[in-house]
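A.B. asks:
Take a look at the structure:
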């Protein structure tokens, strides 16, 4: 099963978008499924505030685990993590129009009216899986690029 299939499958089981993306990459990140679900549990729905899309934050967690700073003073790790962070944010925005949950959904999900709008228009079940898939696509592209540089750490 591909990362995208795994992520969409996790999301279809009523997990947050952040959990779905991180869990799809758990093995590569050397964490368990349980750890990935716990780590991603507070980031769905733009941290429940309609802010940065949970699929994007899940993707950033993947990239941080793969390329982040390994110790205090790891300036190379800082540079690489900053680079992949910027690539993720910029590419997701290019692909989807924004990385802000409320902007993507076209409403304020923190309000009762906004939540109802999402449910009535099946955004959580039909639109959000597309954002999960898009985040996975962007992450996979970044990982592939990193494998082709000296910065890749397997």
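Residue numbers (this note's numbering): 940 to 1093.
Glycine included, each C-beta is placed from N, C-alpha and C at the ideal position.
Just to confirm before moving on: does the CB-CB distance between residue 1070 and residue 1035 stay below 8 Å?
C.D. replies: Their beta carbons are under 8 Å apart, which means residue 1070 touches residue 1035 by this criterion.
A.B. asks: In the DSSP assignment, what residue or residues form a beta bridge with residue 1048?
C.D. replies: Answer is none; residue 1048 lacks a bridge partner.
A.B. asks: Can at least three beta-carbon pairs, one atom from the segment 1013-1031 and one from the segment 1046-1057, be found at a separation below 8 Å?
C.D. replies: With the cut-off at 8 Å, the segment 1013-1031 and the segment 1046-1057 do not touch.
A.B. asks: Under 8 Å: do the segment 993-1001 and the segment 945-961 share three or more Cβ pairs, one atom per stretch?
C.D. replies: They touch, by the three-pair rule.
A.B. asks: Compute the Euclidean distance between the alpha carbons of residue 1013 and residue 983, then round it to the nearest angstrom.
C.D. replies: Taking the straight line joining both Cα atoms gives about 30 Å.
A.B. asks: Does the beta-carbon of residue 940 have 16 or more other beta-carbons within 10 angstroms, so that it is buried, or is it exposed?
C.D. replies: Flag for residue 940 reads exposed.
A.B. asks: Could you have a look at residue 1091 and say whether DSSP puts it in helix, strand or coil?
C.D. replies: Note that residue 1091 scores 43 on pLDDT, short of 50, meaning its location in the model is unreliable and no value can be drawn from it.
A.B. asks: Do residue 947 and residue 1072 have their CB atoms nearer than 8 Å?
C.D. replies: Yes; because the gap between Cβ atoms is below 8 Å, this pair is in contact.
A.B. asks: From the DSSP secondary-structure annotation, give me the bridge partner or partners of residue 1039.
C.D. replies: Partner(s): 991.
A.B. asks: Which first and last residues belong to the alpha helix (DSSP H) in which residue 950 is found?
C.D. replies: Counting along the chain, the alpha helix (DSSP H) containing residue 950 begins and ends at 942-951.
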